[in-house]
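In the working numbering, the protein residues as written are 1446 to 1631.
A short write-up of the structure that comes next.
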């Protein structure tokens, strides 16, 4: 992305979201690599939060990025860009389900308890609301898939306007084809 011409369409938003969440999950996991910190925070909610962010938030970002990038080529139908961005932003706001675990863990809230202490109730409510938003966003994604397959506009043969380089370095639009327009090899 560094030297490229970035267009913030749905697949790129999901790819950037993946990089951000994977980095945040990884960096907070590195904090727990310190033996002294790990001993103090081992049985708190800080322990599962980096893993949850890395596995439960960043991995779906990469899957959604691939879906939105390739669905036009796979099905011949293009998704609605507005719906794709709504899905991204609702799913991104749903990240509030695991981020409060950092604050709760640093405050010493233990894992695996049946009742929530009163001082932690606010952050637990934020996490619960984030979980409900995440669930709603997943249902909206199912709607986007069916809308794309049933009512999506016909995909262009080169939906992302990509270009291919010739061996001499000059640019040539790549001959992209959908399954309905297979090239004839001579």
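We put the beta carbon where it would ideally sit given N, CA and C, even for glycine.
Report task. Check the DSSP bridge columns for residue 1456 and list the partner residues they point to. Result -> None, per the DSSP bridge assignment.
Requested in this report: Go to residue 1526, then tell me how far its alpha helix (DSSP H) extends in each direction, as first and last residue.
Outcome: Counting along the chain, the alpha helix (DSSP H) containing residue 1526 begins and ends at 1526-1538.
Report task. Alpha carbon to alpha carbon, how far is residue 1552 from residue 1518? Give it in angstroms, no decimals. Result -> Near 49 Å, if we compare the C-alpha coordinates of residue 1552 and residue 1518.
Query raised in the report: Going by the beta-carbon positions, is the gap between residue 1482 and residue 1476 smaller than 8 Å?
Result: Against a cut-off of 8 Å, the Cβ pair of residue 1476 and residue 1482 comes out as a contact.
Query raised in the report: Between the C-alpha atoms of residue 1591 and residue 1581, what's the straight-line distance to the nearest angstrom?
Result: Across the structure, residue 1591 and residue 1581 are spaced so that their CA atoms are roughly 16 Å apart.
Query raised in the report: On the three-state DSSP scale, how would you describe residue 1564?
Result: Residue 1564 falls in the helix class under three-state DSSP.
Report task. State the DSSP-derived secondary structure class of residue 1555, mapped to helix, strand or coil. Result -> Reduced to three states, the DSSP call for residue 1555 is strand.
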